[in-house]
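Encoded as C-alpha cells, the structure appears first; notes follow it.
There are 2 protein chains.
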Amino acid sequence: QGTRDHPPDQAALRDRLLAAVVACFKRHGAAAIDTPVLELRETLTGKYGEEAKLIYELQDQGGELLALRYDLTVPFARYLAMNKITNMKRYHVAKVYRRDNPAMTRGRYREFYQCDFDIAGQFDPMIPDAECLKIVHEILSDLQLGDFLIKVNDRRILNGVFAVCGIPESKFITTCSTVDKLDKIPWQDVKNEMVGEKGLSPEAADRIGEYVQLHGGLDLIERLLQDPKLSQNKLAKEGLGDMKLLFEYLTLFGITGKISFDLSLARGLDYYTGVIFEAVLLQQENDHVEEPVSVGSVAGGGRYDGLVGMFDPKGRKVPCVGVSIGIERIFSILEQRAKASGEKVRATETEVLVATPQKQLLAARLKLISELWDAGIKAEMFYKKDPKLLKQLQYCEDTGIPLAAIVGEQELTDGVVKLRDVATREEVRM
Amino acid sequence: QGTRDHPPDQAALRDRLLAAVVACFKRHGAAAIDTPVLELRETLTGKYGEEAKLIYELQDQGGELLALRYDLTVPFARYLAMNKITNMKRYHVAKVYRRDNPAMTRGRYREFYQCDFDIAGQFDPMIPDAECLKIVHEILSDLQLGDFLIKVNDRRILNGVFAVCGIPESKFITTCSTVDKLDKIPWQDVKNEMVGEKGLSPEAADRIGEYVQLHGGLDLIERLLQDPKLSQNKLAKEGLGDMKLLFEYLTLFGITGKISFDLSLARGLDYYTGVIFEAVLLQQENDHVEEPVSVGSVAGGGRYDGLVGMFDPKGRKVPCVGVSIGIERIFSILEQRAKASGEKVRATETEVLVATPQKQLLAARLKLISELWDAGIKAEMFYKKDPKLLKQLQYCEDTGIPLAAIVGEQELTDGVVKLRDVATREEVRM
Numbered sequence: 001q002g003t004r005d006h007p008p009d010q011a012a013l014r015d016r017l018l019a020a021v022v023a024c025f026k027r028h029g030a031a032a033i034d035t036p037v038l039e040l041r042e043t044l045t046g047k048y049g050e051e052a053k054l055i056y057e058l059q060d061q062g063g064e065l066l067a068l069r070y071d072l073t074v075p076f077a078r079y080l081a082m083n084k085i086t087n088m089k090r091y092h093v094a095k096v097y098r099r100d101n102p103a104m105t106r107g108r109y110r111e112f113y114q115c116d117f118d119i120a121g122q123f124d125p126m127i128p129d130a131e132c133l134k135i136v137h138e139i140l141s142d143l144q145l146g147d148f149l150i151k152v153n154d155r156r157i158l159n160g161v162f163a164v165c166g167i168p169e170s171k172f173i174t175t176c177s178t179v180d181k182l183d184k185i186p187w188q189d190v191k192n193e194m195v196g197e198k199g200l201s202p203e204a205a206d207r208i209g210e211y212v213q214l215h216g217g218l219d220l221i222e223r224l225l226q227d228p229k230l231s232q233n234k235l236a237k238e239g240l241g242d243m244k245l246l247f248e249y250l251t252l253f254g255i256t257g258k259i260s261f262d263l264s265l266a267r268g269l270d271y272y273t274g275v276i277f278e279a280v281l282l283q284q285e286n287d288h289v290e291e292p293v294s295v296g297s298v299a300g301g302g303r304y305d306g307l308v309g310m311f312d313p314k315g316r317k318v319p320c321v322g323v324s325i326g327i328e329r330i331f332s333i334l335e336q337r338a339k340a341s342g343e344k345v346r347a348t349e350t351e352v353l354v355a356t357p358q359k360q361l362l363a364a365r366l367k368l369i370s371e372l373w374d375a376g377i378k379a380e381m382f383y384k385k386d387p388k389l390l391k392q393l394q395y396c397e398d399t400g401i402p403l404a405a406i407v408g409e410q411e412l413t414d415g416v417v418k419l420r421d422v423a424t425r426e427e428v429r430m
Numbered sequence: 001q002g003t004r005d006h007p008p009d010q011a012a013l014r015d016r017l018l019a020a021v022v023a024c025f026k027r028h029g030a031a032a033i034d035t036p037v038l039e040l041r042e043t044l045t046g047k048y049g050e051e052a053k054l055i056y057e058l059q060d061q062g063g064e065l066l067a068l069r070y071d072l073t074v075p076f077a078r079y080l081a082m083n084k085i086t087n088m089k090r091y092h093v094a095k096v097y098r099r100d101n102p103a104m105t106r107g108r109y110r111e112f113y114q115c116d117f118d119i120a121g122q123f124d125p126m127i128p129d130a131e132c133l134k135i136v137h138e139i140l141s142d143l144q145l146g147d148f149l150i151k152v153n154d155r156r157i158l159n160g161v162f163a164v165c166g167i168p169e170s171k172f173i174t175t176c177s178t179v180d181k182l183d184k185i186p187w188q189d190v191k192n193e194m195v196g197e198k199g200l201s202p203e204a205a206d207r208i209g210e211y212v213q214l215h216g217g218l219d220l221i222e223r224l225l226q227d228p229k230l231s232q233n234k235l236a237k238e239g240l241g242d243m244k245l246l247f248e249y250l251t252l253f254g255i256t257g258k259i260s261f262d263l264s265l266a267r268g269l270d271y272y273t274g275v276i277f278e279a280v281l282l283q284q285e286n287d288h289v290e291e292p293v294s295v296g297s298v299a300g301g302g303r304y305d306g307l308v309g310m311f312d313p314k315g316r317k318v319p320c321v322g323v324s325i326g327i328e329r330i331f332s333i334l335e336q337r338a339k340a341s342g343e344k345v346r347a348t349e350t351e352v353l354v355a356t357p358q359k360q361l362l363a364a365r366l367k368l369i370s371e372l373w374d375a376g377i378k379a380e381m382f383y384k385k386d387p388k389l390l391k392q393l394q395y396c397e398d399t400g401i402p403l404a405a406i407v408g409e410q411e412l413t414d415g416v417v418k419l420r421d422v423a424t425r426e427e428v429r430m
C-alpha cells in the first residue's frame, strides 16, 4: 500500500525528469553522494518532531536496531559528522520511506524519490541560501510547470513573533506546526487549534494572527524592521536583517518576481534554524480538465545549523542550508500532461531491428546483430527461428524503431544488407 | 554493519560503471522498470531456498507484513504476473538487501546494487539465453577487467545426473546447493557434505563426482549425449540438446572462446529450471599487489520458467531467462585500480569559477554567475563576500575546475570579463 511499480513508459519519463534536476544540481557544482536506505534507529530519533511516528522500523532479527530513512537530510548530517566534513556541496537523488496515509492521485506515496541539494559550511550570510532559491527557480522554470511562487520565511522571525506575542519558548515548535497549516485551513481553524489543542490564550493567538497573515516583499521587511515590538526582539531583528540581505541577492539573480516573504510559512520539521522556503504551483496548466490534480508544494527547504552537531560527539556545528525538490508531485503533473496530450513515450532506444524475409535465416540474423552490438548500435531481433517479415515491420512501427536491417537470401548471396526506413518505407542496399 | 556511504569520488566512479552497464542493456533493446524496495513478505517466501533466512523483515507496525527485496528477479516475476505481461525485455538497476555476513574487502555487503537484464516470453529455444551470455561477454569486455570465463550448465542436466546416480527427486535441490560449492572447496569436502549432511550414500556421491567434475565445450556435450546412462534420461537429453544449440548460437556470436560447459556449476537459488551460468575473472590485473582482491563471480543468471506462474492465481507460466551483473565486486576492482594508479576522479563537473580580485565585488560575482547558470554553464563561486584571488585559483587547481572568470574593478568599468585558463594561466578579456 502506498508504493507502486513504474512500468517502462513511466520509468523513462521519470528518468528524464530526474536527469533535468540532476543537471541543475551539477550546474551549481554539487557532487553526488550515496548513503544506505537503512539507518540506525537512534540516528532518526528526535529529528522529525510529530512526524516521527511515520518512520518504518525493521524487525529486530539480531544485531543493530534499524529503520528506513525518512528523508535525505538527516543521513547527510550524519555523514558530515561521521566523516568530520565541514564544507561540502552535495546532491542526492534517492528513495525515502514514510508510513503516511498515501494519496496516490496527489503524488503522495509511502516510498518516494527525493532530490536534495545542500550546502554545508561556515560562510558569509545568505549567499548559499540565495543559491538554493535560485536552484528552485531554475528547476521549476526549466520543467515548464506553469506559474509558481516561492514563499520564504525565517524561523528566527517566527520565534521572534511568538516571543513578542507572549508565547513561552517551550511552545515555539508546536505553535510552528500549527501556523504551518495556514495554507490549507483558514485562520479561524488555526486559531482554534492553538487555543484548544496547544493551550495558547485566545489573545496570544490573535496577536500571532496579526503577524502570520502578512506577506509581501522588501517593503514588508522594512515595515517589520520598524515594528515597535518586533524590532525589540533580537532573534526577529537578526532574521529580518538577513531576509533583507537575501532579497538583495535575489534581486541580483533577477528572481524576486516569484518570491514572496510570507510569515505564515513555518515548515513542519524540527531541525530548521533560519531561512525556510517552499515553492507552490499557482495554477494547473490543464484548467479545462474536469478534475485537475491538486499538487501543493513542489519544493521546499531551509537552513538547519544545529543538525550536524547532534551527531558530533563534541557537538561541533556545521551550518547547512538545502532544498528538496518534490519530484513525485512534479512527476504526477508531467504524467497527466503526457496522458492528456496523447504523446507516446518511447520506453526503449532501439535504433534498428534485424529482420529476415525468408525462413532458415536465423544464423544470418545472429551474425549481423552481433556485429551491430559490437559496433555499439542499439539493435533487436525476434527470438523466433522463422518470424514473418510483416510482423517484424509491424513491431518496428509499434515500438518506434526507426530502421529495419533486412537480410534475405539475395542479400546473403550479394553480401549486402537492405536497410529500410520504417516510416518512409525507403530502402537502400549497403 | 555491512552498509556504506559512497563519498563523492566513489559515487562518481559508480555512476560511470552503472552507466556502462545500462548502455549495454539499452543496446539490447531493454526497457527500464522500477519496483519498490518493500515487498509483501509472502511474495518472497519460498523463493530462495536455504538463503531465505537472510531476508530483512520490517517490524509489524500495523497493516501489511513487509520485507526488503532480496533480489530483483522475484519482484520482476511478481510484476509480470500482477500485470499479466507475457512478453518483456527489461533491465533494472537498484539496491537489494541480504542479512549476510558482510565481507567488505571482497565487495560483499548487506545493501548492494544489482544490475539485472531479463527476457520474458515464450520463444524458440536458446535464442534469448544466448543473448544473455552475449551481454555478459560485452560488459566484461567493455569494462576491461582482464581475462574472464563464463561457466554454463543446465539444471536439467544436473537433475538428470542426480537421477541416473540414484538420488531421490526430493533431494535434487539440496544436492544442487552442495555441488555448487565445488568452485570453493575440493571434491572430497563436497562429497563429505553430501554423505554426512545430505544423507546420500558414498557410492551415489562418487557417481555424481564422476560427472560434476567434467568441463569442456561442444566435444563434451557430444560425449555426454552418447553417455549410456545419461542418454537414457529424458531431462538430461533435453538439456544436452539445448546446450548444443546454445553453443551453436554462441559460435555465431563469436564468443565460445570464453565459455565453458561446466557440470559443477549449480547456482544456489531454487527457481532455476534450465540453463544456468556464472562469469568469473581468471586473474587479477594487479598480480604484483601484495593482497589482490579476491572477487569470485562477477555475473550470473539462468532460466527460470516456473517463477512467474507462482504469482499467477491460475499458475500461468511465463518462461524467463536473465542475467545479473555483480556490480559491487566489479566496483571493488575498479576502485582498487583507481587507487593503485593514483588517478584522481573528479567528483564535480564545474566548468568555471566566478572570481574577484578585489573587495566589494560580491554583487558583480552574483550577477555574472546568475547569467552563466541561466546559459547552462556549470559554474561555482566562493560563498564569501571578499575571498582572496589566490585562494580562488587554488580551489580551481584542487578540484580540477579548468577556467576562472574574473571580474575586477577594471573589468567592471570596461564591461568585460577576464577568462583565465587555470592550467596554462593564459588570460583573455571578453
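Order-wise, the sequence lines are chains A and B. Counting from 1, position 279 in the first sequence corresponds to residue 279 in UniProt numbering; the numbering is continuous, with no gaps. Counting from 1, position 23 in the second sequence corresponds to residue 23 in UniProt numbering; the numbering is continuous, with no gaps. Glycine included, every Cβ here is placed at the ideal spot set by N, Cα and C.
Exercise for the section: Give me the Cα-Cα distance between V289 (chain A) and K339 (chain A), rounded to the nearest whole angstrom. Expected result: The residue you call residue 289 (chain A) lines up with position 289 of the first sequence. The residue you call residue 339 (chain A) lines up with position 339 of the first sequence. Below a pLDDT of 50, predicted positions are generally treated as unreliable, and V289 (chain A), at 49, falls in that range; the measurement from the model is reported next regardless. CA-to-CA, the gap between V289 (chain A) and K339 (chain A) works out to about 12 Å.
Problem - Segment contact, 8 Å Cβ cut-off, at least three pairs: the region 269 to 277 of chain A with the region 139 to 154 of chain A - result: yes
Exercise for the section: Quick one: residues in its chain with C-beta nearer than 8 Å to the C-beta of V179 (chain A), no 5 flanking neighbours on either side, listed in chain order? Expected result: Against the first sequence, residue 179 (chain A) aligns to sequence position 179. Cβ neighbours of V179 (chain A) beyond the five flanking positions: L158, V190, I208, V212, S264 and A266.
Handout entry: Where the alpha helix (DSSP H) through G302 (chain A) begins and ends
Key = For the purposes of this step, residue 302 (chain A) is taken as the residue at position 302 of the first sequence. G302 (chain A) -> not in any alpha helix (DSSP H); beta strand (DSSP E) instead, spanning S297 to R303.
Practice task
Examine chain B for any beta-carbon lying closer than 8 Å to the beta-carbon of H215 (chain A), and answer yes or no.
Solution key: Position 215 of the first sequence holds residue 215 (chain A). No, H215 (chain A) lies away from the interface with chain B (no Cβ there is under 8 Å from its Cβ).
Problem - Contact set for E291 (chain A): own chain, Cβ-Cβ below 8 Å, skip 5 residues either direction - result: As a position in the first sequence, residue 291 (chain A) is number 291, starting the count at 1. Caution is warranted here: a pLDDT of 44 is assigned to E291 (chain A), below 50, making its placement in the model unreliable, and the coordinate value is therefore given only provisionally. So the list is empty, once near-sequence residues are dropped.
Handout entry: Collapsed DSSP secondary structure at F277 (chain A) in the structure displayed
Key = Within the first sequence, numbered from 1, the residue matching residue 277 (chain A) stands at position 277. Strand.
Practice task
Output the boundary residues of the beta strand (DSSP E) element that contains Y97 (chain A).
Solution key: As a working mapping, residue 97 (chain A) is identified with position 97 in the first sequence. Note, Y97 (chain A): beta strand (DSSP E), M88 to Y97.
Problem - First through last residue of the beta strand (DSSP E) which encompasses K53 (chain B) - result: In the second sequence, residue 53 (chain B) corresponds to position 53, counting from 1. The continuous stretches of beta strand (DSSP E) do not include K53 (chain B), and DSSP gives it neither H nor E.
Problem - the region 39 to 50 of chain A touching the region 65 to 80 of chain A, judged by at least three CB pairs closer than 8 Å - result: Taking a cut-off of 8 Å for Cβ pairs, the region 39 to 50 of chain A and the region 65 to 80 of chain A touch, as three or more such pairs fall below it.
Exercise for the section: Identify each residue in the region 330 to 349 of chain A for which the Cβ-Cβ distance to at least one residue of chain B is less than 8 Å, and report them in chain order. Expected result: A347, T348 and E349
Handout entry: Where C320 (chain A) falls: helix, strand or coil (DSSP)
Key = Numbered from 1 along the first sequence, position 320 holds the residue referred to as residue 320 (chain A). Correct three-state label for C320 (chain A): strand.
Problem - Distance CB(L353 (chain A))-CB(E380 (chain A)) smaller than 8 Å - result: Here residue 353 (chain A) refers to the residue found at position 353 when the first sequence is read from its first residue. Here residue 380 (chain A) refers to the residue found at position 380 when the first sequence is read from its first residue. Yes, the pair counts as a contact, with Cβ atoms nearer than the cut-off.
Exercise for the section: Leaving out five residues on either side along the sequence, give the residues of the same chain with a beta carbon under 6 Å from the beta carbon of residue 431 (chain A). Expected result: With chain A represented from 1 up to 430, any question about residue 431 (chain A) goes unanswered, as that position is not in the structure.
Exercise for the section: For K385 (chain A), return the contacting residues in chain B, with the cut-off set at a CB-CB distance below 7 Å. Expected result: Numbered from 1 along the first sequence, position 385 holds the residue referred to as residue 385 (chain A). Correct list: D124.
Problem - Nearest neighbour of R98 (chain A), chosen from A:Y395, A:D34, A:M104 and A:F112 [CA to CA] - result: Numbered from 1 along the first sequence, position 98 holds the residue referred to as residue 98 (chain A). Answer by Cα proximity: A:F112.
Handout entry: Under 9 Å by beta carbon: chain A residues contacting P168 (chain B)
Key = Taking the second sequence and counting its residues from 1, the one referred to as residue 168 (chain B) is at position 168. Those do not exist, as P168 (chain B) stays about 34 Å from chain A at its closest Cβ, beyond 9 Å.
Problem - Opening and closing residue of the alpha helix (DSSP H) in which N192 (chain A) lies - result: Numbered from its first residue, the first sequence carries residue 192 (chain A) at position 192. Per DSSP, N192 (chain A) belongs to the alpha helix (DSSP H) from W187 to G196.
Problem - Cβ distance (whole Å) where L220 (chain B) is taken to contact F261 (chain B) below 8 Å - result: Position 220 of the second sequence, counting from 1, holds the residue named residue 220 (chain B). Position 261 of the second sequence, counting from 1, holds the residue named residue 261 (chain B). At roughly 6 Å, the Cβ-Cβ gap stays under 8 Å, so L220 (chain B) and F261 (chain B) are in contact.
Handout entry: S141 (chain A) versus E169 (chain A) - alpha carbon distance
Key = On the first sequence, position 141 is the one that residue 141 (chain A) refers to. On the first sequence, position 169 is the one that residue 169 (chain A) refers to. Going by the C-alpha atoms only, they are around 39 Å apart.
Exercise for the section: Determine the contact status of L225 (chain A) and L246 (chain A), defining contact as a CB-CB distance below 8 Å. Expected result: For this step, residue 225 (chain A) is matched to residue 225 along the first sequence. For this step, residue 246 (chain A) is matched to residue 246 along the first sequence. No. Outside cutoff.
Handout entry: Own chain partners of P186 (chain A) with C-beta closer than 7 Å, once the 5 adjacent residues on each side are dropped
Key = In the first sequence, counting from the first residue as 1, residue 186 (chain A) sits at position 186. Counting only residues of its own chain and dropping the five nearest sequence neighbours on each side, P186 (chain A) has no CB closer than 7 Å to any other CB.
Handout entry: Buried versus exposed, by CB contacts within 10 Å (16 or more), Q10 (chain B)
Key = Position 10 of the second sequence, counted from the start, is the residue given in the question as residue 10 (chain B). Q10 (chain B) should be labelled buried.
Problem - C-alpha gap between A130 (chain A) and V164 (chain A), whole angstroms - result: Within the first sequence, residue 130 (chain A) is the residue found at index 130, counting from 1. Within the first sequence, residue 164 (chain A) is the residue found at index 164, counting from 1. The straight-line gap from Cα to Cα measures roughly 28 Å.
Practice task
Give the DSSP-derived three-state secondary structure of V422 (chain B) in the structure shown.
Solution key: Within the second sequence, the letter at position 422 stands for residue 422 (chain B). Residue state, collapsed to three classes: coil.
Handout entry: Assigned secondary structure, A11 (chain B) (DSSP; H/G/I helix, E/B strand, else coil)
Key = Numbered from 1 along the second sequence, position 11 holds the residue referred to as residue 11 (chain B). Reduced to three states, the DSSP call for A11 (chain B) is helix.
Practice task
Taking the CB atoms as reference points, tell me whether K359 (chain B) and F123 (chain A) lie closer together than 8 Å.
Solution key: Locating residue 359 (chain B) in the second sequence gives position 359, counting from the first residue. Locating residue 123 (chain A) in the first sequence gives position 123, counting from the first residue. Result no, Cβ atoms of K359 (chain B) and F123 (chain A) do not sit closer than 8 Å.
Handout entry: Beta-carbon neighbours of I127 (chain B), restricted to chain A and to distances below 7 Å
Key = The residue given as residue 127 (chain B) occupies position 127 in the second sequence. Chain A residues near I127 (chain B): Y383.
Handout entry: Beta-carbon contacts of T3 (chain B) that lie in its chain and below 7 Å, excluding the five residues immediately before and after
Key = Mapped onto the second sequence, residue 3 (chain B) falls at position 3. Contacts found: Y109, R110 and E111.
Exercise for the section: Determine the direct distance from the alpha carbon of H137 (chain B) to that of G309 (chain B), and round the result to whole angstroms. Expected result: Counting from 1 along the second sequence, the entry for residue 309 (chain B) is found at position 309. Counting from 1 along the second sequence, the entry for residue 137 (chain B) is found at position 137. About 30 Å.
Handout entry: Beta-carbon gap between M88 (chain B) and A120 (chain B) smaller than 8 Å
Key = Mapped onto the second sequence, residue 88 (chain B) falls at position 88. Mapped onto the second sequence, residue 120 (chain B) falls at position 120. Yes, the Cβ-Cβ distance between M88 (chain B) and A120 (chain B) is below 8 Å.
Handout entry: Where the alpha helix (DSSP H) containing S201 (chain B) begins and where it ends
Key = By one-based count along the second sequence, residue 201 (chain B) stands at place 201. Taken as a continuous stretch (DSSP letters only), S201 (chain B) belongs to no alpha helix (DSSP H), as it is neither H nor E.
Problem - Cβ distance (whole Å) where C176 (chain B) is taken to contact S324 (chain B) below 8 Å - result: Locating residue 176 (chain B) in the second sequence gives position 176, where the first residue counts as 1. Locating residue 324 (chain B) in the second sequence gives position 324, where the first residue counts as 1. The Cβ separation is near 18 Å, so there is no contact.
Handout entry: E427 (chain B) burial status per 10 Å Cβ neighbour count (16 or more: buried)
Key = Position 427 of the second sequence, counted from the start, is the residue given in the question as residue 427 (chain B). It is exposed - the Cβ of E427 (chain B) has fewer than 16 other Cβ atoms within 10 Å.
Handout entry: Three-way DSSP call (helix, strand, coil) for H137 (chain A) in this model
Key = If you number the first sequence from 1, residue 137 (chain A) lands on position 137. Helix, per DSSP.
Problem - Other residues of its chain near Y79 (chain A): CB distance less than 8 Å, five sequence neighbours each side excluded - result: What you label residue 79 (chain A) is simply residue 79 of the first sequence in a count that begins at 1. So the list reads I33, T35 and I85, once near-sequence residues are dropped.
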